[in-house]
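The structure appears below as structure tokens.
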Amino acid sequence: MRFSDHRRQYTLGGLRRADLAEEPVAQFVAWQEQAIAAGLADPTACVLATQQPDQRLRQRMVLMKGVDAHGLVFYTNYQSGKAAALDECDQASMLFPWNELDRQVSISGTVERASEEESDAYFASRPVTVSSGLGRRHRVRR
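The opening position of the sequence shown corresponds to residue 0 in numbering that gives the first Met the number 0, with each subsequent residue numbered one higher.
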């Protein structure tokens, strides 16, 4: 089979300018809610792309934990490769692949750390079985 022979019509996630919210964040939230309502297995999962200190690009899956006035929120360990890459270069891109809805959303921008209070609150909310395996390390909101 040739990969180029594999194609289908993408009809579920149509995009009409007249149907879009005025604010991009409001539109993202509406689409996120649609993905959750559709029962997608991981509607908050996204691909996070960062630039490594050696200038190479790296992608990995993360879970978005919220949306606020500052943008999208995810957490990671301060000691992780993600955190090191984001400390070096604060630009990142996230891609939400909602394939079952024939839709994807790509968001790029500047990344910043969450406050210590916000990170601590998130850490405290995690199940003990998950938190104990991570150790008592700080989290980062990006």
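No residue lacks a Cβ here, since even glycine has one placed at the ideal position from N, Cα and C.
Between the alpha carbons of residue 59 and residue 48 lies a distance of about 7 Å. Between residue 52 and residue 84, the CB-CB gap stays under 8 Å. Our two residues, residue 34 and residue 69, have alpha carbons roughly 22 Å apart in a direct line. Counting only runs of 4+ residues, the alpha helix (DSSP H) found wholly inside the stretch 60-137 occupies 80-87, 115-124, 127-133, in chain order.
The three-state reading of DSSP puts residue 58 in strand, counting E and B together. Secondary structure note for residue 48: it is in no alpha helix (DSSP H), and the uninterrupted beta strand (DSSP E) holding it is 44-50. The continuous alpha helix (DSSP H) containing residue 32 extends over residues 23-36.
Taking each of 105, 38, 39 in turn and checking the Cα distance to residue 94, the smallest one comes out for 105.
Across the structure, residue 5 and residue 67 are spaced so that their CA atoms are roughly 39 Å apart.
From the listed residues 126, 10, 72, 124, the smallest Cα separation to residue 24 is found for 72. In the structure shown, residue 6 adopts coil according to DSSP, grouped into three states.
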